[in-house]
Structures are given as C-alpha cells and as structure tokens.
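To start, the structure under review is shown below, and the notes come after it.
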Amino acid sequence: MSEVTAFMLVKTTPEWLGLTVEQRVESFKTEILPVIESKVKGVRSRFFDTEFYSARVTDVWVWEAEDHHSYQSLIEALRETPFWDRYFEVVDLLVGVENAYAANYGLDAYASVNV
Numbered sequence: 001m002s003e004v005t006a007f008m009l010v011k012t013t014p015e016w017l018g019l020t021v022e023q024r025v026e027s028f029k030t031e032i033l034p035v036i037e038s039k040v041k042g043v044r045s046r047f048f049d050t051e052f053y054s055a056r057v058t059d060v061w062v063w064e065a066e067d068h069h070s071y072q073s074l075i076e077a078l079r080e081t082p083f084w085d086r087y088f089e090v091v092d093l094l095v096g097v098e099n100a101y102a103a104n105y106g107l108d109a110y111a112s113v114n115v
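Position one of the sequence shown corresponds to residue 1 (UniProt numbering), numbered consecutively onward.
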C-alpha cells in the first residue's frame, strides 16, 4: 500500500493533440520518462482516459508514492518537462492517504473490499 495517492486531473493541450500518436509516445519516452526516472524513486502510476465522459478533464493520472517526499519529487520532476502546462494542463490535484481515518483511530479499514 502506498503512503500517498494523488489523482492528477489533466486536460490535453492543442500542442499535444497536434502530435501524431507515434510522436506522443516518442515524446513521452524521451522527454518525460527519463526525467522522472532520474529524479524520482518509490512512485508508480496508472493512467485513465476520461475524455469520453468529461469535458473538464481528458485524463486522470493516479500516482502512488511510498512517502510524501517521493510524491513531491515527482511533481518537481514533472514541472521540468513539457508534460506540465505544455502538453497537459493540470486542472486539479487530489491527494490523499488511503484509510487515514481508520488508521488514525486504530480501526479496521472498513471501506476497502477484497474481491
């Protein structure tokens, strides 16, 4: 389980949409990932397309970090790449700690279900 989970709501920019799919993949592999990999440890991500259902955001990135420092390092790294405000507008960041309420009161995590 991660210590910090961040839901990054983003909207693609015209510059990103103007790239071909191949150019997008190449840009991500050469301009964004190397910066993250060189500066950030203890973070993993998942990606969700939302443009089918929302006009406000086109994608949601879920970042799971082992601690607050790792998450903060991720944000600093992303800001040094074209990801931040060039290819994507960061609409909102929703950061939380899973089941913090239960942990703070010594309770079982009743909101999580294993299936």
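Ideal placement from N, C-alpha and C gives every residue a C-beta, glycine not left out.
When DSSP labels each residue in this structure, what does residue i get in the three-state scheme?
i      : result
Ala109 : coil
Leu17  : helix
Lys29  : helix
Val57  : coil
Ser2   : coil
Lys41  : coil
Glu76  : helix
Arg86  : coil
Val97  : coil
Glu22  : helix
Decide if residue i is buried, meaning its Cβ has at least 16 other Cβ atoms within 10 Å, or exposed.
i      : result
Ala103 : exposed
Leu17  : exposed
Phe52  : exposed
The ligand ADP heavy atoms versus the CB of residue i: any closer than 7 Å?
i     : result
Gln23 : For the ligand ADP, the structure offers nothing, since it holds no ligand at all.
Excluding the 5 residues preceding and the 5 following residue i in the sequence, name in chain order all residues of the same chain whose CB lies nearer than 7 Å to its CB.
i     : result
Leu93 : Ala6 and Met8
Glu89 : Val10, Lys11 and Thr13
Glu80 : Val35
List the whole-angstrom C-beta distance separating residue i from residue j, where the pair is believed to meet the contact cut-off of C-beta under 8 Å.
i     : j     : result
Glu15 : Arg86 : 6 Å
What does a CB cutoff of less than 6 Å around residue i pick up in its chain, not counting 5 residues either side in sequence?
i     : result
Glu64 : Ser2, Thr5 and Arg44
Pro82 : Glu31
- Three or more beta-carbon pairs under 8 Å between the region 5-14 and the region 27-39, yes or no? The region 5-14, when compared against the region 27-39, does not touch it at the 8 Å Cβ threshold.
- Query: Does the region 8-27 come close enough to the region 56-76 that 3 or more CB-CB pairs lie under 8 Å?
  - Reply: Enough Cβ pairs lie closer than 8 Å, so yes.
- Any 3 or more C-beta pairs closer than 8 Å across the region 36-46 and the region 69-77: Yes, the region 36-46 touches the region 69-77.
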